[in-house]
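Heads up, the thing below is written out as structure tokens.
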Amino acid sequence: MLPPWAVVTEERRAHIERVAELVLGWAVAMHATPAETARWLKAVWLHDALRDARPSSSDELVHGPLAADRAAADGETDRGILDAVRYHSLGYSGWDDVGKMLYLADFLEPGRKFDREIRAGLAARVPAERNAVLKEVAQRRIAWVVKSGYPLLPETVAFWNSLV
Ligand SMILES: [Fe+2]
Ligand SMILES: [Fe+2]
Numbered sequence: 357m358l359p360p361w362a363v364v365t366e367e368r369r370a371h372i373e374r375v376a377e378l379v380l381g382w383a384v385a386m387h388a389t390p391a392e393t394a395r396w397l398k399a400v401w402l403h404d405a406l407r408d409a410r411p412s413s414s415d416e417l418v419h420g421p422l423a424a425d426r427a428a429a430d431g432e433t434d435r436g437i438l439d440a441v442r443y444h445s446l447g448y449s450g451w452d453d454v455g456k457m458l459y460l461a462d463f464l465e466p467g468r469k470f471d472r473e474i475r476a477g478l479a480a481r482v483p484a485e486r487n488a489v490l491k492e493v494a495q496r497r498i499a500w501v502v503k504s505g506y507p508l509l510p511e512t513v514a515f516w517n518s519l520v
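So the sequence shown is numbered by this note's numbering: it starts at 357 and just counts up by one.
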């Protein structure tokens, strides 16, 4: 469930719901415990909760940290959940499974319009080959950043280096 302080458009809410559905399916297929499944889903519901709170061009980079800070102020103490939310746009070398599953699902959820078949194929492989798919998703996401002419931030570089 979205936190009570969430500010999201209907479109955003639909994205978050698709991410949650994907993560839940993986959790079942991967036999994650109920407690671990709850951690993955908590990060999903938090990750874009403030994405539409402040329209500004820098939002893509600030909405993760904003939501993590707000969740922490609200009493969330699970480091894996907070780091998953904080770095979901960048990648983070210190992630546990929560950050990795969110990073995968945010990119592979079926509502995104590009590379639909390729992404569906990757999503289907996650339960059996999570780390291989994580590397491929990072490769695709980072290639897009480079192709767009944007700088790679140190967190993203360290994340990539932790995968190779
Ligand atoms: Fe986001
Ligand atoms: Fe997202």
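Using N, Cα and C, we set each Cβ at its ideal position, and we do this for glycine too.
* Asked: Can you give the beta carbon distance from HIS387 to ASP404, rounded, assuming they're within the 8 Å contact cut?
  -> Working through the sequence shown from its first residue, we reach residue 387 at position 31. Working through the sequence shown from its first residue, we reach residue 404 at position 48. Between HIS387 and ASP404 the beta-carbon gap is near 27 Å, outside 8 Å, which marks them as no contact.
* To do: Jot down the residue ranges of each uninterrupted alpha helix (DSSP H) in the region 408 to 464, minimum 4 residues, whole runs only, in chain order.
  => 415 to 429, 435 to 442 and 453 to 464
* Asked: Would you call the CB atoms of ALA494 and PHE470 closer than 8 Å?
  -> Here residue 494 refers to the residue found at position 138 when the sequence shown is read from its first residue. Here residue 470 refers to the residue found at position 114 when the sequence shown is read from its first residue. No, they are not a contact pair.
* To do: Could you pull out every residue in the same chain whose Cβ sits closer than 8 Å to the Cβ of ARG368, ignoring the five residues on either side in sequence?
  => Start at 1 with the first residue of the sequence shown, and residue 368 comes out as number 12. Hits under 8 Å: ASP404, ARG407 and ASP408.
* Asked: Do the region 475 to 493 and the region 420 to 427 make contact, defined as three or more Cβ pairs closer than 8 Å?
  -> no
* Asked: If you pair each beta-carbon of the region 432 to 439 with each one of the region 363 to 377, do three or more pairs fall below 8 Å?
  -> The region 432 to 439, when compared against the region 363 to 377, does not touch it at the 8 Å Cβ threshold.
* In its own chain, which residues sit with a C-beta less than 8 Å from the C-beta of LEU358, not counting the 5 before and 5 after it? -> To locate residue 358, count along the sequence shown from 1; it is residue 2. Only VAL364, ARG369, ILE372, TRP401 and ALA405 meet the Cβ criterion.
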